[in-house]
RNA sequence: GGCGCCGUAGCCAAGUGGUAAGGCACGGGACUGCAAAUCCCUGAUCCCCGGUUCGAAUCCGGGCGGCGCCUCCA
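Residue numbers (our numbering): -14 to 455.
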């Protein structure tokens, strides 16, 4: 009945069966990072989500082209059209070149993605590498009469695009945000946005280019329109991004793309992931309460435990991050992997059982990427004793293609075997006491070590020890 | 003021009309000299009030509470 992948389309506010424009192929564009500083774990949800989507598309047998942009110019600090450029600001503060900063944080972002099991995108495009494309699109808009010039730049006139409010279902007359900020007063409507910003007189920017309108730099929104169109065509399948982008950034993208290209439907499916709530407020660079992946690793957690944490909630719901929830995810992930890897190759693979017992998992994922439900199904498979170990392995291999948790292949770090002769000697002494059945002495040594945070674990191969918490 | 999300067991979180997935913790059990580690078992009628219905966590109305966007932000 419900064959195929169903996705929630923000444009129609409905779950719809995904049908690619070009049979057998799906084009996906994801709004990428602004690389003036480190990406924190909240910033990683969009990429975990996009990866989940890409994996689901591939599981349908589709070939996927995934494009992500890197914003390395033009993203302003305060107002969309009146603040400082974040890249320039970061460069000024650190005394470094903007390109150098962008390269560093782009690389860190890619490394973190890989640690989370996210493959690199097929196309990773930088705004600064596509200035001509952006200028060209602005020229097209100008030719269509959708732009106007004011003292600080070239702007898009949303009055020329009647569908402007459709995506976000905005009531533009009632939007009052503009009243709370210092705005570019020359704009015709407050929702108009900059396409090209002029370099300020007397200010030497690191990043500026010539254009038909004068020296300056592109507005933030135009890069996504220009680059997605370049790599995916004038109409493409799916565009993803944070829910916060829906009313402004994506409304702007649609306005400029559909106007410049002269088309009615630039993107078929818009998908937006919700925020992670960090015990009461969002984590954001602006608020300064950032927490990067390495911080998690430093506290003894596995990167893929964060992926597991992400998979425990649906992407369209705000997810609460707390240290306890993260620790719970870490334990859950380690246990699941240990159980999966403990499965033998015995019993042969029952292909029929693979087809039938994987149904719930596939149905969950195909229902708008319901990862929590799918993860529960995978967990049941690991522990389903009615299936042979080999069959369970086969099922888990299939599940993991969607989940990306490396269930059967992850190398779990064992108890850290530190070198400490003094502790080794005490552990050996306890073991000797145990063998002599001198329990009081053995327990005394164990308590002594416990008091300094060392836990002894007796295994079939003898005792090992580890420090409880760093 | 406008647009939008959410409120389910101690914590995280599925479920959107037929009588509550899963994970973690807690408790119980197995194992152990006792522990640790591991494995097994165990818990909720769904923020409040009213309505619709044979039947609601699930639909409608009204509250209370949390969060996001409208300004850079995933």
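Even for Gly, the Cβ is constructed at its ideal location relative to N, Cα and C.
query	result
Can you give me the C-alpha to C-alpha distance between residue 277 and residue 428, rounded to a whole angstrom?	41 Å
In whole angstroms, what is the alpha-carbon distance linking residue 54 and residue 41?	21 Å
Can you tell me where the beta strand (DSSP E) holding residue 456 begins and where it ends?	As shown, the chain starts at -14 and ends at 455. That puts residue 456 outside it, with no answer to give.
Here's the rule I'm using: 16 or more other beta-carbon atoms within 10 Å means buried, otherwise exposed. How should residue 443 be labelled?	exposed
For residue 405, does the count of other Cβ atoms within 10 angstroms reach 16, so buried, or fall short, so exposed?	exposed
What is the DSSP secondary structure of residue 6, reduced to helix, strand or coil?	coil
When DSSP labels each residue in this structure, what does residue 167 get in the three-state scheme?	Model confidence at residue 167 stands at a pLDDT of 49, short of 50, so the residue's coordinates are unreliable and nothing is read from them.
DSSP three-state call for residue 249: helix, strand or coil?	coil
Since residue 135 is in the beta strand (DSSP E), which residue starts that stretch and which ends it?	132 to 135
The beta strand (DSSP E) with residue 35 in it runs from where to where?	Looking at the DSSP string, residue 35 is not in any beta strand (DSSP E); the run it does join, the alpha helix (DSSP H), is 26 to 44.
Cβ atoms of residue 181 and residue 130: under 8 Å apart, would you say?	no
Shortest alpha-carbon distance to residue 23 belongs to which of 75, 286 and 171?	75
May I have the straight-line CA-CA distance separating residue 73 from residue 373, to the nearest angstrom?	60 Å
Does DSSP classify residue 449 as helix, strand or coil?	strand
List the endpoints of the continuous beta strand (DSSP E) containing residue 179.	178 to 183
Can you tell me which of the three DSSP states residue 110 falls into?	strand
Rounded to whole angstroms, what's the CA-CA distance from residue 119 to residue 256? Just pull it up for me.	24 Å
Excluding five sequence neighbours on each side, which residues of the same chain lie with their C-beta closer than 7 Å to the C-beta of residue 267?	27 and 260
Residue 32 to residue 52, Cα distance in whole Å?	12 Å
Residue 202 lies in the beta strand (DSSP E); which residues open and close that run?	201 to 203
Give every residue of the same chain whose Cβ lies closer than 6 Å to the Cβ of residue 63, excluding the five residues on either side of it in the sequence, and list them in chain order.	Its pLDDT being 49, under 50, residue 63 is placed unreliably by the model, and nothing is read from it.
Which residues mark the beginning and the end of the beta strand (DSSP E) in which residue 305 is found?	304 to 306
Are residue 377 and residue 369 closer than 8 Å when you measure CB to CB?	yes
What does DSSP give as the partner residues of residue 140 in its beta bridges?	133 and 179
For residue 393 and residue 381, which I take to be in contact (beta-carbon distance under 8 Å), what is that distance rounded to the nearest angstrom?	6 Å
Thinking C-alpha only, which one of 222, 301 and 246 is nearest residue 229?	301
I need the DSSP call for residue 15, collapsed to helix, strand or coil.	strand
Would you call the region 315 to 325 in contact with the region 283 to 294, where contact means no fewer than 3 C-beta pairs closer than 8 Å?	yes
Looking at the secondary structure, which residues open and close the alpha helix (DSSP H) in which residue 220 lies?	Careful: residue 220 lies outside any alpha helix (DSSP H) and carries neither H nor E.
Run the CB neighbour count on residue 3, radius 10 Å, all protein chains shown included, and call it buried at 16 or more, exposed below.	buried
Rounded to the nearest angstrom, what separates residue 99 and residue -11 at their Cα positions?	28 Å
Which first and last residues belong to the alpha helix (DSSP H) in which residue 263 is found?	Looking at the DSSP string, residue 263 is not in any alpha helix (DSSP H); the run it does join, the beta strand (DSSP E), is 261 to 263.
According to the Cβ coordinates, are residue 289 and residue 395 closer than 8 Å?	yes
Hey, out of 9, 213, 384 and 269, whose CA is closest to residue 348's CA?	384
Assign residue 398 to buried or exposed, taking buried as 16 or more other Cβ atoms, counted over all protein chains shown, within 10 Å of its Cβ.	exposed
Within the same chain, show all residues whose beta-carbon is closer than 6 Å to that of residue 280, passing over the 5 residues directly before and after it, in chain order.	none
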